[in-house]
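These notes concern the structure reproduced below.
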Amino acid sequence: MRIARFCCLLLLAGSSFAAQAKMVHRTVEWSQDGTRFHSILIYDDATATKRPGLVMVPNWYGVNDAAVKKAEMIAGRDYVILLTDMYGASVRPQQGHADQAQAAVKPLYGDRALMRKRVNEALAQLKAQVATAPIDSSKLAAIGFCFGGSAVLDLARSGADVAAVVSFHGGLDTDNPTLAKNIKARVLAMNGADDKGTMPDADKFMDEMRTSPADWQFVVIGHAVHCFTEVGENSPGCRYDERAAARSYRLMHDWLRAAFAGTP
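With the working numbering applied, the sequence shown closes on residue 275, and no number is skipped along the way.
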């Protein structure tokens, strides 16, 4: 009887702790060149253990509910994520309105130096959260999806001091392939074999990476098209693929763990 009561107390204590633990959403704002940016720091407060910090740049719809949900899923108890606003707080394309998203990304694709400047500021803002969030400042990386993949690859090209960058179905092109010599991060890019938007640049991307000092890997996922991690997308050229998404997330976790540990 005493054992049973003890077990019940443990279960109640565990349930109480689980109820108190929550996924933290904390606003992080900054201004750059007269533009105010509104990003969200996301992590699980169930433990105070310090963990790697990730800059996460979402797809071209930017910071919205779908991006927050994805950041929560990736963060779990493994990472602290800065879900990054690349457009400015006043620019919020509506989910499903590709014309709005295209208008939002156009200035950044047209000025890659500006893209690199903004994503580097996001990294600086992530570092600034170390004092108030459970971030291990020795373990920083960046991940990005679609447009966000382009952004984190440009972060690597800028010579940013991060352990790794991971691009999911991101754009592979660059305005200056000679920047590859600056790369310090381990670079993992994953694209669908049938992605007609990004795969035409695959050969040039690999040529670029060959000139870099980086530990890099380019993974082509069979039968996948663009947007394979984007839940709810289901058009011929932009479609969620549960199997491809699961594989890519496993590869991401393995890549980040090895990069943070300094192992092959």
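By construction, the Cβ of each residue, glycine as well, lies at the ideal position given by its N, Cα and C atoms.
Output the boundary residues of the beta strand (DSSP E) element that contains residue i.
i	result
Ala225	Element bounds for Ala225: n/a, residue is neither H nor E.
Assign residue i to one of two classes, buried (16 or more other C-beta atoms within 10 Å of its C-beta) or exposed (fewer than that).
i	result
Leu20	With a pLDDT of 45 at Leu20, under the threshold of 50, the predicted position of this residue should be treated as unreliable, and no value is reported.
Glu244	buried
Gln136	buried
Met84	exposed
Cys18	In this prediction, Cys18 scores a pLDDT of 48, lower than 50, which makes its location untrustworthy; the coordinate-derived value is nonetheless stated afterwards. Exposed.
Gly64	buried
Thr209	buried
Ala112	buried
Pro118	exposed
Ala272	exposed
Ala256	buried
Gly25	Annotation note: pLDDT 48 at Gly25 (below 50); position unreliable, no value reported.
Ser148	exposed
His237	buried
Leu267	buried
Glu40	exposed
Lys150	buried
Asn70	buried
Ser101	exposed
Ala68	Checking the sequence, you will find Val at residue 68 rather than Ala. Val68 is buried by the Cβ-count criterion.
Can you name the residues that DSSP bridges to residue i?
i	result
Ser246	Cys249
Phe156	Phe179
Leu151	Gly64
Which stretch, first to last residue, makes up the alpha helix (DSSP H) that contains residue i?
i	result
Asp110	Ala109 to Tyr120
Ala133	Arg123 to Lys138
Would you list, in sequence order, the uninterrupted alpha helix (DSSP H) runs of no fewer than 4 residues that lie entirely inside the stretch 22 to 100?
76 to 86
Is the stretch 46 to 63 touching the stretch 73 to 93, taking contact as three or more C-beta pairs under 8 angstroms?
Result yes; three or more Cβ-Cβ pairs closer than 8 angstroms.
Decide if the stretch 176 to 183 is in contact with the stretch 203 to 222; the criterion is three or more beta carbon pairs, one per stretch, under 8 angstroms apart.
yes
Enumerate, from N- to C-terminal direction, the unbroken alpha helix (DSSP H) stretches of 4 or more residues contained entirely within the stretch 159 to 237.
Within the stretch 159 to 237, the complete alpha helix (DSSP H) runs of at least 4 residues are 213 to 221.
Are the stretch 225 to 245 and the stretch 198 to 207 in contact at 8 angstroms, needing three or more beta carbon pairs?
yes
Check whether the stretch 137 to 146 and the stretch 165 to 176 touch, using three or more Cβ-Cβ pairs below 8 angstroms as the test.
no
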